[in-house]
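In our numbering, the protein residues as written are 22 to 677. Shown next, in structure tokens, is the structure this report addresses.
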């Protein structure tokens with residue numbers, strides 16, 4: 022009875038606080054209709070479209086009734102109360118027959134969510150039998166053939182305990198098909214006291230890009246400012262294990278970079294004749310500031326997965342209103358100038374959070390016709406400052422198809438002949454600069470080269486290989502060497518042959534690294550970091566075999582970075598990319614002020630045309646246009662010099 026009285030008092034307070042002053046709806050950019058069939062307090066989830074249209078902190082959200090009066094509301098975001106991680110009071114590992122038995126004394130009477138094993142083993146796949154006990158004597162099976170693994174960089178060492186109570190946990194790791202692994206410790210986590218409330222939605226895969234050993238998916242979440250709970254991957258591939266990294270793009274030091282939000286693994290593994298075990302969900306648990314999300318899937322040397330769909334879950338935002346009568350309301354969003362409202366309902370949040378969700382009807386977002394939407398990219402002027410381009414050595418036409426935001430990836434020639442700090446890059450349109458921002462993606466592309474063995478008669482114990490490159494000055498970040506030779510240990514030297522100031526050739530060392538193969542282990546490639554840019558178009562590798570047979574070098578894989586320029590063009594006039602200026606200073610554009618708009622806008626891929634190498638002339642002759650004028654100027658200068666020299670010469674004495 023007392024609870025009912027409290028609810029009635031609460032209802033009376035809500036109804037009394039319903040009507041406020043009228044707003045000016047024309048100050049809001051977006052509108053949505055909200056229809057409810059009853060009066061009184063009601064709780065509902067805000068649609069993704071509402072979250073997308075509102076400011077990140079939702080301070081601009083307003084609800085008005087049919088007369089235009091403001092209706093108070095309360096926003097609630099259900100939060101989870103997570104469990105605690107702790108070490109078991111006792112941890113014992115035994116090797117019994119063909120199994121590794123791990124016994125844990127939990128030291129708690131709370132329900133358990135999972136146990137995580139710690140191991141230094143680099144590559145393994147094992148099925149685990151899970152048993153629980155209250156006394157350490159009588160065991161009850163919980164699950165069988167639960168996989169733990171670490172393969173090709175992907176790993177799963179967490180075992181679910183299904184929120185069960187257990188004083189003891191026993192894990193049976195089968196060693197029948199593979200050698201035992203050393204498990205050094207374990208961590209338990211108590212069950213979540215209040216799980217997070219999530220709702221499903223379907224992000225759209227905007228772009229799929231294949232890079233060396235990696236697939237990159239660009240997702241449109243459908244809304245910005247989401248609290249993303251998890252991603253689930255749908256694929257038809259049979260058996261695989263992949264590491265997944267989830268990132269967002271942001272501006273860092275005037276350049277676009279990616280910030281990591283979450284890491285996880287997706288897998289489908291099988292043990293002998295058992296049904297494959299699948300784990301396709303990656304927890305995220307982060308707020309996403311933009312609609313765009315980047316997903317990296319590490320493939321290693323395996324074929325890319327066929328991702329046909331991605332499903333997601335987000336933590337919803339609930340709104341509570343208390344209309345005096347059923348009817349039609351409007352939700353207003355899209356006003357960056359307004360401050361957050363202050364309603365009395367905030368004091369009632371604990372009580373209102375207990376309400377069940379009500380059924381309301383919310384329309385799609387529409388643009389307010391009376392609102393004049395500013396162009397979010399209007400500040401990015403297509404014509405920047407004028408620039409004398411004669412000191413630049415290389416020029417390329419940028420081919421665009423449609424107006425808007427363009428994505429230009431620098432190719433090998435541009436990477437080779439621009440400066441390492443990219444300060445000499447310019448985009449030009451009709452003699453004026455086009456502002457841009459640089460995106461260093463952290464991705465790589467690769468080239469494959471076959472070795473040519475070069476005899477070394479003066480040093481018979483040495484083997485030397487030459488690799489012909491497509492051009493000089495390539496900025497390789499890493500080399501990978503492969504060899505089918507089963508047994509060897511060698512010191513590998515990477516170098517190039519350049520000339521000094523006197524024109525004499527010498528060997529410029531790029532890297533030196535040891536490489537070992539043993540018959541008992543899978544042959545491992547040699548990874549060589551090459552931070553210095555090359556000067557020539559030939560790479561050399563040599564090793565001293567000593568008194569051993571020479572090793573066989575199969576191929577070389579060379580990686581170079583993926584760097585993009587992001588700009589806005591009108592799409593009707595061609596723009597040019599110029600680079601190759603040793604003393605140019607980095608440009609400073611106002612484009613960095615609207616990075617978020619550039620990142621959120623749909624990008625179009627622009628391509629680079631053929632290279633035009635420009636002859637850099639001295640400032641004395643830059644005003645002479647065309648070959649004829651140049652030669653006329655030179656002839657006049659020569660004649661004037663001859664006249665001056667003739668006048669300076671002493672006159673010959675007259676003959677008697």
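Don't be surprised by glycine CBs; every beta carbon is placed ideally from N, CA and C.
Got a sec, what are the start and stop residues for the beta strand (DSSP E) residue i sits in?
i           : result
residue 344 : Here residue 344 belongs to no beta strand (DSSP E), and DSSP marks it neither H nor E.
residue 319 : 313-319
residue 373 : Looking at the DSSP string, residue 373 is not in any beta strand (DSSP E); the run it does join, the alpha helix (DSSP H), is 370-373.
residue 556 : No beta strand (DSSP E) contains residue 556, which DSSP labels as neither H nor E.
residue 600 : 596-600
residue 416 : 415-420
residue 630 : 624-634
residue 52  : 51-57
residue 333 : 328-335
residue 410 : Run containing residue 410: none; DSSP gives neither H nor E here.
residue 249 : 247-256
residue 357 : Per DSSP, residue 357 belongs to no beta strand (DSSP E) and is neither H nor E.
residue 237 : 235-241
residue 448 : 447-450
residue 64  : 63-66
residue 604 : Run containing residue 604: none; DSSP gives neither H nor E here.
residue 205 : 204-211
From the DSSP output, which residues share a beta bridge with residue i?
i           : result
residue 434 : DSSP, once it has assigned bridges, lists no residue as partnering residue 434.
residue 195 : 120
residue 301 : Answer by DSSP bridge pairing: none, since residue 301 is not bridged.
residue 582 : 465
residue 379 : In the DSSP output, where bridge partners are listed per residue, residue 379 has none listed.
residue 548 : 501
residue 287 : 263
residue 664 : Beta-bridge pairing links residue 664 to no other residue.
residue 460 : 277, 585
residue 564 : 484, 513
residue 114 : 123
What are the boundary residues of the alpha helix (DSSP H) that includes residue i?
i          : result
residue 73 : 69-74
When burial is assigned at 16 or more other CB atoms within 10 Å of the CB, is residue i buried or exposed?
i           : result
residue 656 : exposed
residue 370 : exposed
residue 357 : exposed
residue 508 : exposed
residue 279 : buried
residue 436 : buried
residue 147 : buried
residue 603 : exposed
residue 405 : buried
residue 51  : buried
residue 427 : buried
residue 260 : exposed
residue 665 : exposed
residue 57  : buried
residue 323 : exposed
residue 627 : buried
residue 646 : Because residue 646 carries a pLDDT of 44, less than 50, the predicted location of this residue cannot be relied on, and no value is offered for it.
residue 607 : exposed
residue 250 : buried
residue 130 : exposed
For residue i, which residues from the same chain have a beta carbon less than 6 Å from its beta carbon, with the 5 sequence-adjacent residues on both sides left out?
i           : result
residue 676 : Its pLDDT being 48, under 50, residue 676 is placed unreliably by the model, and the measurement read from it follows with that caveat. The answer is none, since no qualifying residue turns up.
residue 544 : 538
residue 474 : 486
residue 513 : 534, 536, 564
residue 446 : 439, 600
residue 113 : 124
Quick one: what's got a C-beta closer than 7 Å to residue i's C-beta in the same chain, skipping five residues either side?
i           : result
residue 367 : 95
residue 169 : 138, 147, 149, 177, 178, 180
residue 172 : 144, 146, 262
residue 135 : 179, 180, 181, 182, 210
residue 116 : 201
residue 643 : Low per-residue confidence applies at residue 643: pLDDT is 44, beneath 50, and the placement is therefore not dependable enough to give any value.
For residue i, I'd like the list of residues in its chain whose CB is within less than 8 Å of its CB, leaving aside the five on either flank, ordered along the chain.
i           : result
residue 378 : 64, 65, 66, 339
residue 593 : 424
residue 133 : 127, 182, 184, 185, 186, 187, 190, 209, 210, 211, 212
residue 461 : 276, 277, 278, 582, 584
May I have a chain-ordered list of the beta strand (DSSP E) segments no shorter than 3 residues that lie completely inside the segment 471-542? With a minimum length of 3 residues, the continuous beta strand (DSSP E) runs that stay inside the segment 471-542 are 473-475, 483-489, 499-503, 509-520, 526-538.
Continuous beta strand (DSSP E) assignments of at least 3 residues falling wholly in the segment 131-193: 133-140, 145-154, 160-172, 175-177, 179-185
Only counting runs of 3 or more residues, tell me where the beta strand (DSSP E) segments fall wholly within the segment 260-285, in order along the chain. With a minimum length of 3 residues, the continuous beta strand (DSSP E) runs that stay inside the segment 260-285 are 261-273.
Minimum length 3: unbroken beta strand (DSSP E) runs contained in the segment 76-101: 83-85, 95-97
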